[in-house]
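A.B. asks: Mind looking over this structure? Questions follow.
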Amino acid sequence: MISVTALTVSRGERLLFRDLSFHVASGEAVALTGANGAGKTSLLRTLAGFIRPDAGTVTFSAADPAEARAGHLHWLGHLDGLKTGRRAREELAFQARWAGADADGIAAAVDVLALEPLLDLEVRKLSAGQRRRLAFARVIAAPRPLWLLDEPFAPLDARWRAALGLMMQAHLDKGGAILAAVHDPLPVAARALDIGAGR
Amino acid sequence: MILFRRELALAWSGGGGPLLACGFFLCLTVLIPLAAGGDPAGLRPIAGGVAWLALALSSILSLERLFERDLEDGALDLIALGPAPLELVVLAKAKAQWLAVGVPLALTAPVAAITLGLPPAQAPLVLLSALVGSLGFALTGALGAALALGSKRGGLLIAVVVLPLFIPPVVFGAGALERATNGLDPAPALAFLAAWVLFAAVVTPFAGAAAIRNAQG
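Residue numbers (the numbering used here), protein chains in the order written: chain A, 45 to 243; chain B, 492 to 708.
And the structure:
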């Protein structure tokens, strides 16, 4: 699904990690662990194409990097990209359609994430957990094989952590792959990759 | 198209961008004659140039929000992973900026120019030149907004970057009005104005996208 070879990334003068290599196969989940500031988010942002690495390569099995980033991966970072002054329905429609979802996909995401009661509210009126569910909806609505998730469960309660765990497992069962930066264990079977150890 | 519609909605809903710009434009139009001593005859020869200067300054007002809010709330990351390349995203945002702010400003321009002392017969020319010029302001402004992304006091930086780039359209736009006032054909000045807009349309998407990629990293 995705292969990383001899990746070196620094931010300013600070080296985050050097010669990092790993491979994530279809159906596999990888939990990126490490202390605060170790470079978990920077690694995910590098894989997503936002950060240019100092050295090393990132290759996608299905497509060239530019094509893969435009249609093969989902990015869910700390920031959800939602506009606080807009209604949840409008933001969901934009985010999901921009990611390639159709009406059926959006309806399915609304259903499984129980978003219907929230759709007519302004985003600013949603709790952090509700916003995270709304942001996650595009991941469910527009199937893409690789999910890059940065602390995906942080604002969620136990019920929704478990529910999202089921959705992640369903994604893995369909041949998808997940890389998630986490401090707590993922709710699916996952291989741990300690970023701090690669420095 | 979906991005363009969203940008248009955000421009209209977020803090009254068009109304603010038009209000600022009209305030300048009122202030400048007062600062010039209140003599309409003295202002009349430079009315076209002053109207264009006010139009340029008013076009800068809402540029800071064009990319900065998307960078701050993470939307720029999502947009970058969408179906359209960043170059087209920049173009779509500039076009939405023009429709939301530039066109209302252009519609206000004849009123401002006549208030400043331009003959009412020149109102159609003012409108036409302002429509073309404001498209150029939106394109160049988008470039400035992208270059200032992530910097502290980005609004000030945008003004510093963008104002020198606004010199050609102000010269050509005001020149068209001056030629018409003197009984000459304004077409050559309008042609130069259109050429500058085309140049901005070619350069802005690529330079703006490069600046955004740099800010995201």
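The beta carbon of each residue, even a glycine, is placed where N, CA and C say it ideally should be.
Looking only at its own chain, which residues have a Cβ that is under 8 Å from the Cβ of P97 (chain A), when we skip the five neighbours before and after it?
C.D. replies: Cβ neighbours of P97 (chain A) within its own chain (closer than 8 Å, five residues either side excluded): L51, T52, V53 and T90.
A.B. asks: Between which two residues does the beta strand (DSSP E) carrying W589 (chain B) extend?
C.D. replies: Run containing W589 (chain B): none; DSSP gives neither H nor E here.
A.B. asks: With 8 Å set as the bound, which would you pick, yes or no: does the beta-carbon of G144 (chain A) sit closer than that to a beta-carbon of chain B?
C.D. replies: Yes - at least one Cβ of chain B is within 8 Å of the one on G144 (chain A).
A.B. asks: Among B:E669, B:L494 and B:A706, which has the Cα closest to the Cα of A575 (chain B)?
C.D. replies: B:L494
A.B. asks: Would you give the residue range spanned by the beta strand (DSSP E) that R62 (chain A) belongs to?
C.D. replies: R58 to V68
A.B. asks: Give every residue of the same chain whose Cβ lies closer than 6 Å to the Cβ of P229 (chain A), excluding the five residues on either side of it in the sequence, and list them in chain order.
C.D. replies: none
A.B. asks: With a threshold of 8 Å between beta carbons, is K127 (chain A) in contact with chain B?
C.D. replies: yes
A.B. asks: Would you say L638 (chain B) faces chain D, with C-beta separation under 8 Å as the test?
C.D. replies: No chain D is part of this structure, whose protein chains are labelled A and B.
A.B. asks: In terms of residues, what are the limits of the beta strand (DSSP E) holding F104 (chain A)?
C.D. replies: A99 to F104
A.B. asks: Just to make sure I have the definition right: I need the residues of chain A whose C-beta is within less than 9 Å of the C-beta of I570 (chain B). Which are they?
C.D. replies: G125 and W142
A.B. asks: Taking a Cβ distance cut-off of 9 Å, strictly less, list which residues of the region 572-587 of chain B are near chain A, in chain order.
C.D. replies: Taking 9 Å as the Cβ-Cβ cut-off against chain A, the residues of the region 572-587 of chain B that qualify are L572, G573, P574, A575 and P576.
A.B. asks: Could you confirm whether any beta carbon from chain B is found closer than 8 Å to the beta carbon of Q139 (chain A)?
C.D. replies: yes
A.B. asks: According to DSSP, is E498 (chain B) part of a helix, a strand, or is it coil?
C.D. replies: helix
A.B. asks: Kindly indicate if chain B contains any beta-carbon less than 8 Å away from that of G121 (chain A).
C.D. replies: yes
A.B. asks: Go ahead and pull the three-state DSSP assignment for H118 (chain A).
C.D. replies: strand
A.B. asks: In whole angstroms, what separates the C-alpha of A612 (chain B) from that of E498 (chain B)?
C.D. replies: 35 Å
A.B. asks: On the CB-based measure, 16 or more other CB atoms within 10 Å of its CB, does G242 (chain A) come out buried or exposed?
C.D. replies: Note that G242 (chain A) scores a pLDDT of 49, beneath 50, so its modelled location is shaky and nothing firm can be said.
A.B. asks: Below 6 Å CB to CB, which residues in the same chain sit around A82 (chain A) once its five sequence neighbours on both sides are set aside?
C.D. replies: Here the set comprises I239 and G240.
A.B. asks: Can you name the residues of chain B whose CB is closer than 9 Å to the CB of A15 (chain A)?
C.D. replies: Since the first residue shown for chain A is 45 and the last is 243, residue 15 (chain A) is missing from the structure and cannot be characterised.
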